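The opening position of the sequence shown corresponds to residue 4 in the working numbering, with each subsequent residue numbered one higher. Quick reminder that beta carbons are idealized off the backbone N, C-alpha and C, glycines included. Keep in mind the model is a prediction, meaning the values are calculated, not measured.
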Amino acid sequence: MKYISTRGQAPALNFEDVLLAGLASDGGLYVPETLPTFSKEEIASWAGLPYSDLAFKIISPFVAGCIDDADLKQMIDETYAGFNHIGVAPVQGLGTNEWILELFHGPTLAFKDFALQLLGRLMDYVLSKRKERLVIMGATSGDTGSAAIEGCCHSEHLDIFILHPHNRVSEVQRRQMTTILEDNVYNVALEGNFDDCQQMVKDSFADQGFLKGLKLGAVNSINWARIMSQIVYYFSASLAVGGPHREVSFSVPTGNFGDIFAGYLAKQMGLPIKQLVVATNRNDILHRVISGNDMSKGTLEHTLSPSMDIMVSSNFERMLFDIYDRDGAAIADLMDRFKSESVQLDGARWDKVRELFDSCAVDDETTCAVIKQVYAETGYLLDPHTAIAVKAARECNSDRSVPMIILATAHPVKFPEPVVKAGLESPQLPAHLTDLFEREERLTVLVNDLGTVQQFVASHVHNS
Ligand SMILES: *Cc1c(COP(=O)(O)O)cnc(C)c1O
């Protein structure tokens with residue numbers, strides 16, 4: 004399988020190179036040149052498969068020619084054996100024809116484990132084959148950092164440096180990162196805010212000279228392998244509620260458009276999906292584009308659903324590439340204009356976007372109200388990101404006879420503030436994490452200065 008850039012100017016790469024590359028050299032994102040497709044009969048024949056067998060069916064076409072089948076199967080098996088639920092991604096009933104897809108049974112209690120647990124293994128495998136090392140650098144406000152660290156900490160060919168804003172990450176989230184004591188893991192608490200962390204990572208990718216020959220790798224959702232891994236649970240959830248012989252709909256709490264883009268791909272690959280609902284918090288650029296053809300940056304709002312606090316959804320570009328009939332020059336032009344002004348899609352293109360997606364933006368007050376209401380009605384405790392998706396599902400549902408599947412992207416214990424605001428008791432840590440607050444922590448506090456951070460990274464990487 005070959006991968007091409009959404010901006011049309013970078014060379015086509017194979018899976019291995021895309022895995023290690025992150026962003027394309029023309030500033031675009033890599034997407035598969037063609038998508039594998041599956042017939043309804045074939046999808047139906049997968050009913051009842053264990054999650055990791057299903058994952059192998061769906062992922063193997065994307066890595067064909069690069070990763071041996073038996074090795075891939077082993078990596079997938081190991082990845083999902085580390086989850087704390089036998090079903091890996093179980094579906095629970097919430098209301099009439101309304102379902103919750105629980106994606107928080109991985110080691111860090113958020114859906115990012117689905118991709119990052121596999122990504123760490125895939126990277127290690129490829130690096131070992133090539134006898135190379137890679138340095139991972141990332142910025143986090145919480146979820147991505149802990150999932151990336153858990154995903155990479157056993158990789159012998161990776162060093163991982165995660166920057167978080169000092170004293171501005173919740174204690175559970177900080178401890179999920181800083182209590183991983185493997186010697187290839189470095190937590191940097193930066194004396195600045197999340198934007199400073201992100202800027203520092205961006206500047207380091209742009210000029211990697213400070214690494215003296217080593218290269219940086221990306222673990223954010225611009226990395227294709229993350230998207231690929233997330234396609235699987237759209238299939239498993241559909242199969243769990245009667246697909247593919249009936250259509251299903253999904254409501255997805257969305258920030259960077261990675262997770263919902265995986266749902267869009269599942270649909271393109273043959274899964275019968277009726278609605279894809281984009282659920283955002285008050286950082287609502289996606290809702291503004293979909294509902295009003297207004298693609299403009301706005302200002303960053305801090306909300307009770309911090310993993311969706313973004314101004315620009317990078318993976319939206321991957322979808323626009325399809326909408327613009329894979330015209331890289333048109334996307335390059337659009338993204339270039341978007342840097343400095345608000346843009347509109349051509350009318351016919353916008354119509355296509357609206358045909359594919361519904362959307363809803365939900366504020367903090369409503370988020371808390373939904374948590375409270377759903378708990379009162381069912382005894383089920385939602386995390387704030389999931390609560391937003393529940394609200395969006397109920398607002399946008401166009402056909403109540405179609406099962407609506409809501410993606411639960413995090414365990415409520417990670418985000419106690421809105422739960423407490425809703426007047427409920429703070430949720431308890433699950434069994435395997437009950438001693439989190441007693442565990443030893445390791446982190447380095449650094450001043451908000453690029454040279455200082457780069458010096459720290461350069462002096463700690465392992466050269467072999
Ligand atoms: C990352 C994250 C999201 C948003 O996912 P995207 O792929 O960026 O759209 C939603 N919920 C939680 C809990 C997350 O950690």
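Item                                                                                                                                                                          : Value
How big is the Cα-Cα spacing for R329 and V34?                                                                                                                                : 10 Å
Any contact between the region 15-27 and the region 125-140? By contact I mean 3 or more CB pairs, one from each, below 8 Å.                                                  : yes
Determine the closest residue to Q202 out of R249, S254, A142, with distance taken between C-alpha atoms.                                                                     : A142
Just to confirm my understanding: we take R357, look at its own chain, exclude 5 residues before and 5 after, and list those with CB closer than 7 Å. What are they?          : I293
In angstroms, rounded to a whole number, what distance separates the CA positions of C200 and I46?                                                                            : 43 Å
What is the DSSP secondary structure of P419, counted as helix, strand or coil?                                                                                               : helix
Please state the DSSP three-state secondary structure of H160.                                                                                                                : coil
Where does H388 fall in DSSP's three states?                                                                                                                                  : helix
Label E36 either buried or exposed according to how many other C-beta atoms from any shown protein chain fall within 10 Å of its C-beta, with 16 as the threshold for buried. : exposed
Write down the C-beta distance between N318 and I391 rounded to the nearest angstrom, noting that I regard them as a contact closer than 8 Å.                                 : Rounded, the Cβ-Cβ distance is 18 Å, inconsistent with contact.
Would you say the beta carbon of N286 is closer than 7 Å to some non-hydrogen atom of ligand 1?                                                                               : no
Following a CB-centred definition, is K277 positioned closer than 7 Å to any heavy atom of ligand 1?                                                                          : no
Do the CB positions of L193 and H169 come within less than 8 Å of each other?                                                                                                 : yes
According to DSSP, which residues form a beta bridge with D361?                                                                                                               : V280
By the three-class DSSP mapping on this structure, what secondary structure does P35 have?                                                                                    : strand
Do three or more CB pairs link the region 353-367 to the region 393-404 at distances below 8 Å?                                                                               : yes
Can you tell which of S429, R291, S462, G148 has the C-alpha that lies nearest to the C-alpha of V222?                                                                        : G148
To the nearest angstrom, how far is the alpha carbon of V464 from that of V138?                                                                                               : 7 Å
Alpha carbon to alpha carbon, what distance is there between D210 and R442?                                                                                                   : 36 Å
In terms of residues, what are the limits of the beta strand (DSSP E) holding G220?                                                                                           : 218-220
Evaluate contact between the region 406-424 and the region 245-263, counting only Cβ atoms and requiring at least three cross-stretch pairs below 8 Å.                        : yes
Could you give the distance in angstroms between the alpha-carbon of L57 and the alpha-carbon of L119?                                                                        : 18 Å
Per DSSP, H167 forms a beta bridge with which residues?                                                                                                                       : A192
Please state if the CB of A13 and the CB of G25 are separated by a distance shorter than 8 Å.                                                                                 : no
Say the cut is 7 Å; is the CB of H305 nearer than that to a heavy atom of ligand 1?                                                                                           : no
Check S207 in the structure and name its three-state DSSP category.                                                                                                           : helix
Cβ of N259 within 7 Å of any heavy atom in ligand 1?                                                                                                                          : yes
Are G301 and L274 touching if we call contact CB-CB under 8 Å?                                                                                                                : no
Give the secondary structure of I408 by DSSP, where H, G and I count as helix, E and B as strand, and everything else as coil.                                                : strand
Out of V315, P421, V244, which one is the CA nearest neighbour of A50?                                                                                                        : V244
With L130 as the anchor, note down where its alpha helix (DSSP H) starts and where it stops.                                                                                  : 115-133
Comparing the CB of A413 with every heavy atom of ligand 1, is any distance shorter than 7 Å?                                                                                 : yes
Quick one, are the C-beta atoms of M272 and L38 less than 8 Å apart?                                                                                                          : yes
Given S429, which residues of its chain have a CB within under 7 Å of its CB, disregarding the five upstream and five downstream residues?                                    : P419, V422, V423
With burial defined as no fewer than 16 other Cβ atoms inside 10 Å of the residue's Cβ, what is the status of E105: buried or exposed?                                        : buried
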